[in-house]
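A short write-up of the structure that comes next.
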Amino acid sequence: MDDASSPPSAAKPPLPDNTRWTGAKAAAFLKLLARSGKVAASARAVGMSRQAAYRLRDRAPQFAALWKRAMAEAEAQRASARRTRKAVHPLLARTPQPPESDASAGQR
């Protein structure tokens with residue numbers, strides 16, 4: 001059977017290559033890392049492993065610098081959230097007035 005007599009097959013689009021970092025994957029990973037500070041979750045979200053992310057960081061100095069900045073941003077967001085949780089709402093910060101006793105209420 002030659003190529004001319006074989007039935008035409010529908011060309012399937014190639015599957016995405018999840019084994020390599022692309023610029024888009026790296027950018028998305030760094031954006032997620034800056035939000036969460038979680039390497040494994042950020043890597044999984046872009047279809048890569050935590051180990052692959054660390055390997056890329058080890059071999060790409062520019063990526064490593066951006067990673068460091070993303071982690072600093074995530075830590076700043078966590079610190080801000082901690083400060084917000086510790087802050088007391090102004091209405092709750094007021095000192096409560098002690099209830100009047102029955103004896104003092106009758107003297108008015």
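Okay, so the sequence shown: first residue is 1 according to the UniProt record's numbering, each after it adds one.
Glycine is no exception: its CB is placed at the ideal position from the N, C-alpha and C atoms.
Small disclaimer: the values here were computed from a predicted structure and weren't measured.
Sub-8 Å separation of residue i and residue j beta-carbons
i	j	result
A74	A24	no
A28	V46	yes
Helix, strand or coil at residue i according to DSSP, with G and I counted as helix
i	result
residue 130	Lying before the first or after the last residue shown, residue 130 is absent from the chain, which here runs from 1 to 108.
E100	coil
A60	coil
M71	helix
S49	coil
Outcome for residue i when other beta-carbon atoms lying within 10 angstroms are tallied against a minimum of 16
i	result
S42	buried
A53	buried
A11	exposed
A72	exposed
Cβ separation of residue i and residue j, assumed to be a contact under 8 Å, to the nearest whole Å
i	j	result
W67	R59	12 Å between Cβ atoms; not a contact.
residue 191	F63	Because residue 191 is not part of the residues shown, which for the chain are 1 to 108, the question remains open.
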